[in-house]
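Have a look at the structure below, then the notes.
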Amino acid sequence: MTASPKNAPFGSILTDTMAVAWYREGAWSPMELRRTGPLEMHPAAHALHYGSACFEGFKAYRHPDGSVQVFRLAR
Numbered sequence: 060m061t062a063s064p065k066n067a068p069f070g071s072i073l074t075d076t077m078a079v080a081w082y083r084e085g086a087w088s089p090m091e092l093r094r095t096g097p098l099e100m101h102p103a104a105h106a107l108h109y110g111s112a113c114f115e116g117f118k119a120y121r122h123p124d125g126s127v128q129v130f131r132l133a134r
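Residues in the sequence shown are numbered from 60 upward in steps of one, following the working numbering.
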């Protein structure tokens with residue numbers, strides 16, 4: 060590793076193993092460990108169609124004057 064983990068951007072340092080479980084018919088499959096690699100994603104996956112997947116963690120509040128302000132957008 061050449062970069063300090065403290066200064067590395069989120070999601071840029073990975074291990075060689077990942078944990079995978081699938082949610083089907085109301086239940087999670089047993090977790091399995093496999094080599095880190097691409098995951099297959101269905102074209103109808105929520106993350107591909109809704110902004111909430113991109114902006115998770117943002118909070119917006121309506122103020123008494125009717126305006127809406129985003130909380131800690133710069134972080």
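Every residue, glycine too, gets a C-beta built ideally from N, C-alpha and C.
Note that the coordinates shown come from a computational prediction; the quantities given were computed from them, not determined experimentally.
Asked, Found
"DSSP state of L73 mapped onto helix, strand, coil", "coil"
"A103 beta carbon less than 8 Å from that of M90", "no"
"For A119, the first and last residue of its enclosing beta strand (DSSP E)", "118 to 121"
"7 Å Cβ shell around S71 - same chain, five flanking residues per side excluded", "none"
"Ranges of the beta strand (DSSP E) found wholly within the stretch 76 to 106, counting only runs of at least 3", "76 to 79, 91 to 94"
"For V129 and L98, the rounded distance between their alpha carbons", "32 Å"
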